[in-house]
Structure formats: structure tokens, C-alpha cells
Amino acid sequence: MPTRPTARIKTDRRDARHLADALRAGTLTPVRVPTEAEEAFRDLVRARTMAVQVRQRARQRVQSTLLRWDPRPPERPAAWGPAYRSWLQQVTPTPAPREPVWAEFLSPWAEADTRVDRITRPLAAAWPAHPLAPSMRAWPGLRGIAGLTAATLAAEFGDLASFPHPRPVMAWVGLVPTETSSGVTRHQAGITKTGNAPLRRTLVEAAHSYRFPPRRGGPVRRRLQALGPWEPAVSGMSWRAQQRLHARLRTLQGRRGTPKAIAAVARELCGYLWEIAVWVRVQPPGAVPPAA
6 MPTRPTARIK TDRRDARHLA DALRAGTLTP VRVPTEAEEA FRDLVRARTM
56 AVQVRQRARQ RVQSTLLRWD PRPPERPAAW GPAYRSWLQQ VTPTPAPREP
106 VWAEFLSPWA EADTRVDRIT RPLAAAWPAH PLAPSMRAWP GLRGIAGLTA
156 ATLAAEFGDL ASFPHPRPVM AWVGLVPTET SSGVTRHQAG ITKTGNAPLR
206 RTLVEAAHSY RFPPRRGGPV RRRLQALGPW EPAVSGMSWR AQQRLHARLR
256 TLQGRRGTPK AIAAVARELC GYLWEIAVWV RVQPPGAVPP AA
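The numbering of the sequence shown is this note's numbering, which starts it at 6 and goes up by one.
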């Protein structure tokens with residue numbers, strides 16, 4: 006609700022009159038209040054995000070210690086895969102005073118790993134009953150949007166189809182550039198970074214996958230096939246997104262640099278997410294594909 010900086014008196018009568026004047030002038034911005042169930046789902050998603058961040062810090066401590074002590078696995082297993090985890094448990098640092106130090110580094114990592122698995126299970130069980138479950142099933146058809154990412158977007162965005170146009174979505178997330186213009190002079194600077202920071206971070210992470218050339222195979226193809234009758238429509242939107250965003254990223258990388266190009270792609274990715282959410286809303290309830 007707009008407020009003048011010089012307004013230093015606040016009473017119920019003034020607030021009611023100001024609210025009625027703003028409503029008549031059309032200067033109020035409508036908001037959607039999430040339900041208690043949606044708030045609970047968002048708490049679950051954010052709790053998992055915090056657990057993942059704690060695990061990442063524990064992993065970094067373990068890897069930094071390995072670089073300092075210089076033990077190396079006999080082969081090059083996948084990072085943090087089963088073979089790598091097994092090798093970590095078998096590492097015996099020398100000299101002997103380092104052994105309790107190594108145990109103290111491994112313990113937080115193992116505990117954080119167990120914590121992430123423990124909170125992921127109720128999240129996987131809760132999302133099919135979410136009101137936005139149809140959008141969460143369709144969004145993984147886009148490159149860079151897997152199941153947990155779709156759950157994060159639904160928890161932080163809310164009902165994305167309630168926005169009248171994708172431009173307000175981009176501004177709400179804080180991915181539009183700041184601007185100072187007057188007359189014929191136009192100056193744009195960095196993004197505004199307003200709104201939801203976890204949501205903005207998730208979109209930027211997803212935008213990195215559009216560095217690679219468009220392709221119809223791989224995990225995206227498998228996720229599209231799981232959509233059943235929705236596959237043709239979502240596949241068309243996904244392919245347009247790959248072509249547009251990859252070309253956009255390649256063009257902006259040479260002109261503006263990679264960080265700005267990634268932010269621009271994340272901004273345009275909001276538009277494709279909005280398009281899918283609007284398309285899903287108009288589908289008949291019986292056409293919703295089953296949960297994977």
C-alpha cells in the first residue's frame with residue numbers, strides 16, 4: 006500500500022480513508038495469502054535447503070583437509086559416490102595425532118548426509134498432495150528443473166499462474182535490472198535483488214544448464230515421457246526454451262560476461278515456468294498425469 010514519507014500520523018480513521026482512496030484509484034497491489042498447508046510445505050523445503058547447505062560446508066572441510074594431507078584414492082571415483090564414501094571411511098591419516106581430527110571431520114559430514122536423507126523422505130511423500138502438484142509434475146520437463154527444484158519453485162512461488170504476465174514475475178523475483186532514466190538518457194545497472202532470495206538462487210542455478218546446446222535426449226526426455234498425455238505440449242515449450250535460452254546465453258556471454266548472461270537467462274526462465282503453470286491450470290482435472 007503506497008505511503009507518503011511525510012505521513013507521520015497513523016490512526017485507524019486515516020488508514021481506513023487512505024485504503025478506500027487507494028482502492029478507488031486502483032493503486033493497490035493484490036496479494037495471494039498462502040494456506041497453512043502451503044506454509045508447512047515451504048517450511049519443509051527450506052529445512053531441506055538448510056540441511057543441504059550444512060552438508061556442503063562439511064564436505065568442503067573434508068576436501069580441504071584431504072588437499073592438505075595429500076591422501077588420494079587409488080582410482081578416480083565419482084565425487085561423493087558410493088566408492089568415494091567407502092574410501093573416505095578407510096583413510097588412515099598419519100601421523101597418529103591426526104586420527105581424532107579426521108574422525109571429527111567425518112562425523113559432521115556423515116550426520117549431515119543422514120539429515121538430508123531423513124528430511125527428503127517426508128518431502129517426497131508430501132508434494133503429490135500439494136495444491137500445485139500438477140505444476141510440479143510439468144516443470145521438470147524444462148532443462149535444469151528436476152523434482153526437488155520443482156518443489157522448491159512451487160513452495161517459494163506459490164500459484165505462479167495468478168500473475169497476469171511473466172514480467173511481474175521477473176520483477177517480483179528481483180531479476181530485472183535497476184534503471185535510472187531521464188529524458189533521452191537511459192542507464193541500467195545490476196539486478197534489483199528484491200523479493201525471494203532462495204527462489205532467485207534456485208533460478209540462477211537452473212539457468213546454468215542452458216550453457217549446453219539444445220538436445221532432446223537425456224534426463225529431460227525421460228521426465229517428459231513420464232508426463233503421459235501432457236508430453237506433446239510440455240515438450241514443445243521445453244524445446245522452445247532450450248533453443249531460446251541457449252542462444253540468449255551464448256550471445257550475452259560475449260557482450261556482457263557470464264554472470265550477467267546467467268542472470269538474464271534466469272529471468273527469461275521465469276517466463277517459461279509461468280507459461281507452463283498457466284497451461285496446467287486450464288487442463289481438465291482428469292488429465293493430470295500420475296505421480297512418478
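Just so it is clear, CB atoms sit at the ideal spot from N, CA and C, and this is done for glycine as well. Here the structure is a predicted model, which is why all the values come from computation and not from measurement.
Under 7 Å, do residue i and residue j count as touching if we go by C-beta distance?
i: residue 205; j: residue 178; result: yes
i: residue 98; j: residue 74; result: yes
i: residue 216; j: residue 121; result: no
i: residue 228; j: residue 146; result: yes
i: residue 282; j: residue 166; result: yes
i: residue 209; j: residue 197; result: no
i: residue 124; j: residue 45; result: no
i: residue 67; j: residue 114; result: yes
i: residue 2; j: residue 50; result: Residue 2 lies beyond the stretch modelled for the chain, which goes from 6 to 297, so this question has no answer here.
i: residue 141; j: residue 160; result: no
i: residue 254; j: residue 266; result: yes
Closest by CA to residue i, which one among the options?
i: residue 162; options: 91, 123, 196 and 202; result: 202
i: residue 89; options: 102, 253 and 111; result: 111
i: residue 278; options: 220, 175 and 236; result: 175
i: residue 116; options: 164, 138 and 63; result: 63
i: residue 169; options: 9, 29, 40 and 280; result: 280
i: residue 220; options: 243, 83 and 231; result: 243
i: residue 212; options: 134, 9 and 264; result: 264
i: residue 231; options: 101, 9, 65 and 144; result: 144
i: residue 199; options: 189, 190, 183 and 214; result: 183
i: residue 137; options: 32, 43, 28 and 252; result: 43
If I follow the unbroken beta strand (DSSP E) through residue i, where does it start and stop?
i: residue 194; result: 190-196
i: residue 97; result: Unbroken run through residue 97: none, as it is neither H nor E.
i: residue 182; result: 182-187
Rounded to whole angstroms, what's the CA-CA distance from residue i to residue j? Just pull it up for me.
i: residue 154; j: residue 207; result: 7 Å
i: residue 81; j: residue 106; result: 24 Å
i: residue 72; j: residue 93; result: 13 Å
i: residue 285; j: residue 70; result: 48 Å
i: residue 95; j: residue 218; result: 40 Å
i: residue 195; j: residue 91; result: 45 Å
i: residue 298; j: residue 76; result: In this structure the chain extends from 6 to 297, so residue 298 is not present and cannot be described.
i: residue 54; j: residue 47; result: 10 Å
i: residue 18; j: residue 187; result: 38 Å
For a cutoff of 7 Å on Cβ pairs, would you count residue i as touching chain D?
i: residue 219; result: Absent from the structure: chain D. Only one protein chain is present.
Would you say residue i touches the ligand PLP, meaning its beta carbon is less than 6 Å from a heavy atom?
i: residue 108; result: The ligand PLP is absent from the structure shown, which contains no ligands of any kind.
Just reading off the alpha helix (DSSP H) that residue i is part of, what are its end residues?
i: residue 276; result: 263-286
i: residue 170; result: Unbroken run through residue 170: none, as it is neither H nor E.
Would you check if there are 3 or more beta carbon pairs closer than 8 Å linking the stretch 113-132 to the stretch 8-24? Because the criterion of three Cβ pairs below 8 Å is not met, the stretch 113-132 and the stretch 8-24 do not touch.
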